[in-house]
Amino acid sequence: MGKRGTGGLIAALHVIWILALVVTALLWLPAQAPGQAAKPEGTLTVAVATFGNERWLPHLYVGAEDVVLKPLWENLLSRDGKGNLIPMLAERWEVSDGGRTWKFYLRKGVRFHGSGPELTAEDVRFTFASIAKEGSANSMAPEFRMVKSMEVEGPYTITVRFDKPFVTLGNRVTHGLFASVAYIQSKKYIESAGEQGAERQPLGTGPWKFVEHVRGDRIVYEAVENHWRATPHFKRLVFVKVPEPATRMAMLRAGSADVIEIGGEYLDELKKVGMRTITMPNTAAIWVILGGQWPTKPTYDPKVPWAQPDAERAKKVRLALNLAVDKKAIIERVLGGVGTPVGTVNYYPTDPWISDALLKPIAYDPTRAKTLLAEAGYPNGFEVTMNLTAWPGRGFLPDVGEAVATYWEKVGLKVKRRPVDRAVFSADFRARSYPGVALAYAGPIIAPEPWELFIRISHTKSAVHLLVEHPKLDGFIERLGAEASAAERTRIMRDEMGPWLNEYMPGVAIGATHSIAGVGPKVADWPLIPGHMGVHNWEYVSRAAR
2 MGKRGTGGLI
12 AALHVIWILA
22 LVVTALLWLP
32 AQAPGQAAKP
42 EGTLTVAVAT
52 FGNERWLPHL
62 YVGAEDVVLK
72 PLWENLLSRD
82 GKGNLIPMLA
92 ERWEVSDGGR
102 TWKFYLRKGV
112 RFHGSGPELT
122 AEDVRFTFAS
132 IAKEGSANSM
142 APEFRMVKSM
152 EVEGPYTITV
162 RFDKPFVTLG
172 NRVTHGLFAS
182 VAYIQSKKYI
192 ESAGEQGAER
202 QPLGTGPWKF
212 VEHVRGDRIV
222 YEAVENHWRA
232 TPHFKRLVFV
242 KVPEPATRMA
252 MLRAGSADVI
262 EIGGEYLDEL
272 KKVGMRTITM
282 PNTAAIWVIL
292 GGQWPTKPTY
302 DPKVPWAQPD
312 AERAKKVRLA
322 LNLAVDKKAI
332 IERVLGGVGT
342 PVGTVNYYPT
352 DPWISDALLK
362 PIAYDPTRAK
372 TLLAEAGYPN
382 GFEVTMNLTA
392 WPGRGFLPDV
402 GEAVATYWEK
412 VGLKVKRRPV
422 DRAVFSADFR
432 ARSYPGVALA
442 YAGPIIAPEP
452 WELFIRISHT
462 KSAVHLLVEH
472 PKLDGFIERL
482 GAEASAAERT
492 RIMRDEMGPW
502 LNEYMPGVAI
512 GATHSIAGVG
522 PKVADWPLIP
532 GHMGVHNWEY
542 VSRAAR
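Laid out in structure tokens, this is it:
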């Protein structure tokens, strides 16, 4: 894919900011004109490790549920096969005042499902306000709270203004990234049905309409015929929750599932039985979260070894936890060799802001790890809980957590394994209520640049917390968010933020891995968007010839 599909996007942004270019784009034509669309047939069944928190309104879903939300709704923008922003519900857009002002011109004639109302700028304003409101669980809430004003200038035009430049707002409102969850909702429908009614029967503009949701079990959609963008090839799209990878494999082989999420360790097995696989390279940066690094919050616990107030001792503990883990072995044995060990959290081998120093994994040295633990005051180790939690698109994470726990035990730690469903844990990370708990995590590409993930998960004002809170990182995030020059952002990430993360070592960096889908014989062409972690674009999946 090359530089995670970001080259075209960075170049485009560079032109925008240097020339104060008005971004206008041609209409994004559907794959088939609605009048010529073939009639949908059959059922496409998808087995995934987890759904997420299974909520439907914008202030209730957290931000990593788009594997099941994306079929129903649409966003203002999307991305093409090169990573460039392209129109979706907004047919064109303008950026001015150095990124402080964004104007979106909506596509006319788009209707919410069934006899629903036409999409208007009021729906966009309502959605953005819902995301930003107090108590919102949406991971983008802090970013949308930076909106100074929203001006509806007619049924199909809205201007969004910020006090400070927000140079990458386009990445927050794109369908083409895993967790950019600003899906546009119907203001009229939610106000008439009430939140409870809208949660029971969600209404969207996407190519699939809601049929059924059985919590923790399945979600069923039906194709929208003659959809403005693309009429699906399949009549029904069914997601089933199957946590065990071996069971998903068996379902694919038996034909009871047509698409499954898998880890790299199953690639050879799939090949042996003649099943196809689709690989989306470098879509997830794996690290082990060390919970509790939020010193300004009420849940901070100074007794947590890696987060204690004594910065020198805390750093020795974090370094020891890194030295104790053989990252290359985890990539090879747990992930089937699919991926690359790296030395810095949320950096990828093909990034333009990478360097040899940031790529180099921390060496496996359990002897030195024991020495550092003793120097930090823990000669006999300490107790730690390892949450074993699968995340949407990342069903392999419990296996990674188990491997890390085993390595830590070899240097004297007493590790308690705690299987936790992601829906349960989502409340913990919103409330920062897991100090002293470790967790294997894979940061998705929610946007091309790493600070765009950190603003959601590693900032004192973030809605969730999955890395570290630190004034230095806050400073990097705020500088990068207002920096118009793509070249200067690249320099800051390569020469300043990356080296700081590498030195501070907030988590245990494992490496960059790929997303893999196993595909059954019903599936023909499937045009996935590069850099997107989740399985998606279901409306463009064609049926194999019988």
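Mapped onto my numbering, the consecutive letters of the sequence shown carry residue numbers 2 to 547. We treat Cβ as the ideally placed atom computed from N, Cα and C, and that holds for glycine.
Top-ranked residue by Cα proximity to Ala441, from Ala513, Leu90, Lys415, Leu398: Leu398
Cβ neighbour criterion (16 or more within 10 Å) applied to Ser459: buried
Nearest-angstrom Cα separation, counted from Leu324 out to Val438: 19 Å
Buried or exposed by the 16-neighbour rule on C-beta atoms within 10 Å, applied to Lys473: exposed
Identity of the residues DSSP links to Trp209 by a beta bridge: Ala224
Status (buried if at least 16 other CB within 10 Å, exposed otherwise) for Lys415: exposed
Close beta carbons around Trp527, own chain, < 8 Å, minus the five adjacent residues each side: Ile279, Val520, Asn538, Tyr541, Val542, Ser543
Neighbourhood of Lys298 by C-beta distance below 6 Å, restricted to the same chain and skipping five residues each side: Arg433
Residue nearest to Asp327 in terms of C-alpha spacing, selected from Gly293, Tyr408, Trp288, Leu374: Tyr408
Straight-line gap, Ala525 to Asp259 (C-alpha atoms, nearest Å): 11 Å
Inter-stretch contact at 8 Å, needing at least 3 Cβ pairs: the segment 414-431 / the segment 96-104: no
Nearest-angstrom Cα separation, counted from Pro88 out to Leu28: In this prediction, Leu28 has a pLDDT of 34, which is less than 50 and means its spatial position is unreliable; nothing more can be read from the coordinates.
Reduced DSSP secondary structure (H/G/I, E/B, other) of Asn76: coil
In DSSP terms, what Arg277 is bridged to: Val520
Cross-strand partners of Met151 (DSSP beta bridge): Val161
Extent of the continuous beta strand (DSSP E) run through Ala443: 438-445
Proximity below 8 Å, CB of Arg457 to CB of Val465: yes
Pro522, buried or exposed, once every other Cβ within 10 Å from all chains shown has been counted against 16: exposed
Contact set for Gly171: own chain, Cβ-Cβ below 7 Å, skip 5 residues either direction: Leu78, Leu86
Glu192 - containing alpha helix (DSSP H), residue span: 188-201
Contact check, Tyr222 vs Leu73, beta carbons under 8 Å: yes
Exposure of Asp98, with buried meaning 16 or more beta-carbon neighbours within 10 Å: exposed
Chain-order list of residues whose beta-carbon lies under 7 Å from that of Arg126 (same chain, five-residue window excluded): Met151, Val153, Ile159
DSSP three-state assignment for Phe113, whether helix, strand or coil: coil
Identity of the residue in Thr491, Gly155, Ala308 nearest Pro436 by Cα: Ala308
Minimum C-alpha distance to Glu42 - residue among Gly337, Gly413, Ser516, Arg237: Arg237
Endpoints, the alpha helix (DSSP H) within which Trp501 is located: 499-505
Cβ-Cβ distance between Ala199 and Leu58 below 8 Å: yes
Beta-carbon contacts of Ala285 that lie in its chain and below 8 Å, excluding the five residues immediately before and after: Gly394, Arg395, Ala443, Gly444, Pro445, Ile446, Ala513, Thr514, His515, Ser516, Met534
Sufficient close CB pairs (3 or more, under 8 Å) joining the segment 356-375 to the segment 491-511: yes
Counted within 10 angstroms of its Cβ, other Cβ atoms place Glu381 as buried (16 or more) or exposed: It is worth fixing the name first, because residue 381 is Asn in this sequence and not Glu. Answer is exposed; the Cβ neighbour count stays below 16.
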